[in-house]
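Numbering-wise (this note's numbering), the sequence shown opens with residue 39 and increments by one.
Where is the CB? At the ideal position from N, CA and C, for every residue including glycine.
Treat the numbers as computed from the prediction; the structure is a model and nothing was measured.
Encoded as structure tokens, the structure appears first; notes follow it.
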Amino acid sequence: MTAIKQVICLIDDEFEDLELWYPVYRAREEGAVVRFAGPEKGRKHIGKYGVPAVADLSYAELNADACDGLLVPGGWAPDKIRRDERVQAFVRAIDAAGKPIGQICHAGWVLVSAKILQGRKVTSTPGIRDDMENAGAIWFDEAVVVDGNLVSARRPPDLPAYAKAFCDALFGR
39 MTAIKQVICL IDDEFEDLEL WYPVYRAREE GAVVRFAGPE KGRKHIGKYG VPAVADLSYA
99 ELNADACDGL LVPGGWAPDK IRRDERVQAF VRAIDAAGKP IGQICHAGWV LVSAKILQGR
159 KVTSTPGIRD DMENAGAIWF DEAVVVDGNL VSARRPPDLP AYAKAFCDAL FGR
């Protein structure tokens, strides 16, 4: 029997609702346990369109050894999430372990601040293309780009392909 996959999804206020919930539900449908991590355990965060998510863990409790993958939704939340040094260290540890990292839209900012994009192929919303390239990434205008453990997507219309690619990486397909 295969062990249940543990996934962390980073949250803060003003996440993009679809970019958070679609891949979370898709991973849960595959059998993964997805837990939300935010600045403070138990705090409710509201998406851009009013859908709430509650932090199961605080950033202080993040442990790369205790999870199998990471999801970072877009919206305006990534600009807040990226500033936390504990998040940056966690992202670097997940990347160093080769565990899947899913990021969509503005979530690329978190990877920029974690400094893991040098020479990596990615996509994002075109609005942060310069940020991604200035961090050393090779940017593509494609629905989904997979480079090793990094799975990136542009925006909500790309969610079906993105969620599938993330789950394929998570479950080794």
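Which listed residue (the options) has its alpha carbon closest to that of residue i
i, options, result
"Ala207", "Asp169, Arg64 and Glu52", "Arg64"
"Leu155", "Gly76, Glu99, Lys79 and Asn187", "Asn187"
"Gly113", "Ala191, Ile176 and Asn172", "Ala191"
"Ile84", "Lys137, Asp50, Ile132 and Gly165", "Asp50"
Backbone CA spacing between residue i and residue j [nearest angstrom]
i, j, result
"Asp169", "Pro90", "28 Å"
"His144", "Tyr200", "14 Å"
"Gln44", "Ala152", "21 Å"
"Gln126", "Trp147", "11 Å"
"Ala41", "Ser162", "31 Å"
"Arg81", "Ala93", "6 Å"
"Ala134", "Gly140", "15 Å"
"Ala131", "Ala102", "6 Å"
Short Cβ contact (8 Å threshold) for residue i with residue j
i, j, result
"Ala115", "Glu52", "yes"
"Cys47", "Val71", "no"
"Pro111", "Glu57", "yes"
Helix, strand or coil at residue i according to DSSP, with G and I counted as helix
i, result
"Cys205", "helix"
"Phe74", "strand"
"Lys118", "helix"
"Gln156", "coil"
"Ser162", "coil"
"Gly186", "coil"
"Phe128", "helix"
Residue span of the beta strand (DSSP E) that contains residue i, given as start and end
i, result
"Leu48", "Gln44 to Leu48"
"Val92", "Pro90 to Val92"
"Leu108", "Gly107 to Val110"
"Gly174", "Run containing Gly174: none; DSSP gives neither H nor E here."
Start and end residues, alpha helix (DSSP H) containing residue i
i, result
"Arg81", "Counting along the chain, Arg81 falls outside any alpha helix (DSSP H), and DSSP gives it neither H nor E."
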